[in-house]
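The next block holds one structure in the form of structure tokens; read it before the comments.
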Amino acid sequence: MASRDTVENDIVETWKREQIELKKKLVSEDCVNWGVSTEEPFSNLNLIGGVDISFPKGDADHACACLVVLNFPELEVVYEDLSMVHLTSPYVPEYLAFREVGFLVDLISRLGKDKPELLPQVILVDGNGMLHPRGFGIACHLGVLTDIPTVGVAKTLFHVDGIERDSYHADQALRSTQQACNPIYVSVGHKIGLETAVSLTHACCQYRIPEPIRQADIRSREYLRQHYTKELNNCSCKMQSSDTDASTEDKDDQRNRGDLVDNTCQTFNDLKLS
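Mapping of the sequence shown onto the numbering used here: position 181 corresponds to residue 208, and the numbering continues sequentially without gaps.
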């Protein structure tokens with residue numbers, strides 16, 4: 028049987044090949060004109076999405092994936108979808124997207140089927156885009172898979188040797204509001220240039236975190252607070268665990284019954300001999 032390390036190494040090698048192929052489809056410049064002029068760059072932008080995945084404290088295998096859609100420029104939530112998810116892929120640094128992005132794609136696909144008129148024109152992603160060791164973070168990954176423009180917005184800087192000094196990496200620190208002490212880090216996701224990504228993110232900031240991501244974060248955490256215990260009990264992993272426990276109990280019962288039969292037979296034999 029292959030060791031866990033061997034299995035994980037095989038998974039990473041597969042992910043690495045897939046990442047290389049997906050990156051070939053990445054577009055790091057503006058593909059959509061959302062404005063009528065440079066003075067009004069977003070006058071034709073009406074719907075902005077935000078995605079986030081929140082984890083309960085002490086549980087790295089279950090989370091709440093959230094997609095919200097806000098109108099623009101009002102920044103009011105017009106759609107939300109939340110889903111409790113069970114993450115079965117291992118956590119491997121620099122390959123976070125392969126563990127999480129599928130759940131976000133599912134939410135976007137569901138919106139496209141149920142209410143296509145509310146599909147966002149661009150999605151802000153809680154995570155990095157091209158600000159990544161191989162220039163392909165979760166924001167890029169999601170954009171390529173859905174073919175929707177995306178922007179990566181990170182709360183902390185992804186420290187990689189030379190990444191802050193190398194202008195090749197399409198990212199920029201942004202002080203989102205006058206009250207914000209710490210910057211956020213905006214990076215190109217897909218089908219959008221850095222200048223547009225930064226301007227759009229700034230236009231979505233009422234607080235330090237841009238409103239689409241902020242709302243996805245708030246709502247996913249509230250969902251966990253209200254539903255985590257119930258959802259966890261209904262999770263397939265718990266069902267399998269229960270089945271395993273039941274199977275173990277059945278075997279114990281069988282052994283106990285066997286012991287009882289043997290003891291009874293021995294007692295009966297002892298009676299016959301006495």
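Beta carbons are placed, not taken as given, at the ideal position from N, Cα and C, and that holds for glycine.
Please read these numbers as outputs of a predicted model, since none were measured by experiment.
- A distance below 7 Å separates the beta carbons of Val96 and Pro147.
- Taking C-alpha positions only, Asn71 is separated from His229 by approximately 17 Å.
- Approximately 29 Å separates the beta-carbon atoms of Ser247 and Cys58; this is outside 8 Å, ruling out the contact.
- When secondary structure is reduced to three states using DSSP, Ser136 falls in the helix class.
- Contact between Val119 and Val178 is absent: CB atoms are separated by about 24 Å, not below the 8 Å threshold.
- Only residues of its own chain outside the window of five on either side were considered, and among them Glu238 have a CB closer than 6 Å to the CB of Leu102, listed in chain order.
- By alpha-carbon distance to Val132, the top candidate from Tyr122, Glu121, Val171 and Val104 is Val171.
- Listed in chain order, the non-local C-beta contacts of Tyr234 below 7 Å within the same chain comprise Thr204 and Arg241, local neighbours out to five positions each way being set aside.
- The DSSP-derived three-state label of Asn155 is coil.
- By the Cβ test, the segment 124-144 is not in contact with the segment 220-229, since fewer than three Cβ pairs between them sit closer than 8 Å.
- The alpha-carbon of Cys167 is positioned some 30 Å away from that of Cys264.
- Under a 10 Å Cβ-count criterion, Arg126 is classified as buried, with 16 or more other Cβ atoms of the shown protein chains found around its own Cβ.
- Taking a cut-off of 8 Å on C-beta distances, the segment 148-159 touches the segment 71-88, as three or more cross pairs fall below it.
- In this structure, the beta-carbon distance from Lys218 to Val54 falls below 7 Å.
- Separation of Gln253 and Leu259 (C-alpha to C-alpha, rounded to the nearest whole angstrom) is 12 Å.
- Per DSSP, reduced to three states, the secondary structure at Ser116 is coil, with no helix or strand assignment.
- Inter-residue distance for Val180 and Glu35 is about 28 Å (C-alpha atoms, whole angstroms).
- At least 7 Å separates the beta-carbon of Gly154 from that of Val215.
- In this model, Phe99 and Arg44 are separated by some 38 Å (Cα to Cα).
- Bounds of the alpha helix (DSSP H) holding Thr173 are Ile165 to Thr173.
- Contact between Leu251 and Ser110 does not hold, since their C-beta atoms are separated by about 12 Å, which reaches or exceeds 8 Å.
- Rounded to whole angstroms, Leu169 and Ser64 show a C-alpha spacing of 29 Å.
- Within a 10 Å sphere around the beta-carbon of Gly164 sit 16 or more other beta-carbons, which makes this residue buried.
- By the neighbour-count definition (other C-beta atoms within 10 Å, threshold 16), Cys231 is a buried residue.
- DSSP links Asp79 through a beta bridge to Cys93.
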